[in-house]
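The numbers in this note's numbering rise by one with no breaks, and the one at position 39 of the sequence shown is 40.
Note that CB positions come from ideal geometry on N, CA and C, so glycine has one too.
Because the structure is a prediction, the values reported are computed rather than measured.
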Amino acid sequence: MRAVRLFLVAAITVLSLSLPRDVDATSMPSMKEMALADAARVPPAWLKPLLDTKYFEECLHHKEPHRFFCTVCPGQALCNGCLPNHPDHQVIQIRKLSGHGVVRVSDVEALLDMSGVQPYLLNGHHVVFLNKRRMAGQGRAGEVRCEECERALLDVTSRFCSVGCKGWFAILLTALPEDLDFTISFTVRPKSDSESETSESYTSSGGDSDEEGEEAGTSAASKLQKTVAAEPSSRQLRRQTGVPKN
Numbered sequence: 002m003r004a005v006r007l008f009l010v011a012a013i014t015v016l017s018l019s020l021p022r023d024v025d026a027t028s029m030p031s032m033k034e035m036a037l038a039d040a041a042r043v044p045p046a047w048l049k050p051l052l053d054t055k056y057f058e059e060c061l062h063h064k065e066p067h068r069f070f071c072t073v074c075p076g077q078a079l080c081n082g083c084l085p086n087h088p089d090h091q092v093i094q095i096r097k098l099s100g101h102g103v104v105r106v107s108d109v110e111a112l113l114d115m116s117g118v119q120p121y122l123l124n125g126h127h128v129v130f131l132n133k134r135r136m137a138g139q140g141r142a143g144e145v146r147c148e149e150c151e152r153a154l155l156d157v158t159s160r161f162c163s164v165g166c167k168g169w170f171a172i173l174l175t176a177l178p179e180d181l182d183f184t185i186s187f188t189v190r191p192k193s194d195s196e197s198e199t200s201e202s203y204t205s206s207g208g209d210s211d212e213e214g215e216e217a218g219t220s221a222a223s224k225l226q227k228t229v230a231a232e233p234s235s236r237q238l239r240r241q242t243g244v245p246k247n
């Protein structure tokens, strides 16, 4: 028994000597902080159906284009005529920019943290793309690029080109805990009274149709400070592999 105790003492001593001395324990996040950050980084269950659903096709029942998505009962796109069947549900309107689906930041800011996603202007409103788009060429050297698909970005404060790229990046980090990034989050932070804004709500009579305006594709970072919190411009995360590319 004494020999076992001596062995344990020796093992603990060797282990303590092998640990790095320059690690500041106060700078390390606590277990609670890591757990909260990990939970905030996981996208909501309806995000993937939102990104995978096809929009703007004609509804078989109402002969109107599908422009809406219900977060309560996801699975198919909705048209204006379908909305009465989803009373009191949180519905997101999908708009079109350059042939791709986008959402207004004001429509989703109460549901998702859109910080770090490249914003654009469409008819005077800030929008973000749902999914990544094909990119011609590799762009110019030194450009800020999406941390998921490497698409060139217009704003140095942005990290992702679309909601989908931010979602893929967060899922990869959740699967690979050694690469935790505590700045990635989908949880909406509470706003102060001065920052609170009245968000738009869509009813069965809603559903305005947006067309691509002259401002489409214009960087909106300088006008988005009160709408989307800017993410740090750090590019220290190493690129993940194994994600399907377009």
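Output the distance between the C-alpha atoms of residue i and residue j, rounded to the nearest integer angstrom.
{"i": "R134", "j": "L52", "result": "13 Å"}
{"i": "R160", "j": "F130", "result": "13 Å"}
{"i": "G82", "j": "V145", "result": "42 Å"}
{"i": "C60", "j": "A111", "result": "28 Å"}
{"i": "I95", "j": "H101", "result": "10 Å"}
{"i": "V63", "j": "G168", "result": "Looking at the sequence shown, residue 63 is not Val but His. Each residue's Cα considered, the two are about 32 Å apart."}
{"i": "K49", "j": "S31", "result": "30 Å"}
{"i": "A171", "j": "L113", "result": "13 Å"}
{"i": "P44", "j": "S107", "result": "18 Å"}
{"i": "V164", "j": "E65", "result": "26 Å"}
Cutting at 7 Å between CB atoms, please list the residues of its own chain near residue i, excluding the five before and the five after it.
{"i": "C162", "result": "Q119, F130, K133, C147, C150, R152, L154"}
{"i": "V109", "result": "I93, M115"}
{"i": "W47", "result": "T72, P75"}
{"i": "G117", "result": "S159, R160, F161, K167, E232"}
For residue i, which residues of its own chain have a beta-carbon under 6 Å away from its beta-carbon, when the five flanking residues on both sides are left out?
{"i": "C166", "result": "K133, C147, E149, C150"}
{"i": "E321", "result": "Outside the shown range of the chain, which is 2 to 247, sits residue 321, and nothing can be said about it."}
{"i": "R105", "result": "H126, V128"}
{"i": "H90", "result": "C71, V73"}
{"i": "M136", "result": "R152"}
{"i": "H87", "result": "C71"}
If you drop the 5 nearest sequence neighbours on each side, which residues of the same chain put their C-beta closer than 8 Å to that of residue i?
{"i": "V92", "result": "F69, F70, C71, T72, L79, L84, Y203"}
{"i": "K55", "result": "H67, A78"}
{"i": "V103", "result": "I95, R96, K97, Y121, L123, V128, V129, F130, L131"}
Which residue or residues does DSSP assign as beta-bridge partners of residue i?
{"i": "G102", "result": "K97"}
{"i": "F70", "result": "I93"}
{"i": "R146", "result": "A153"}
{"i": "E59", "result": "P66"}
{"i": "V128", "result": "R105, Y121"}
{"i": "F161", "result": "V118"}
{"i": "L79", "result": "F69"}
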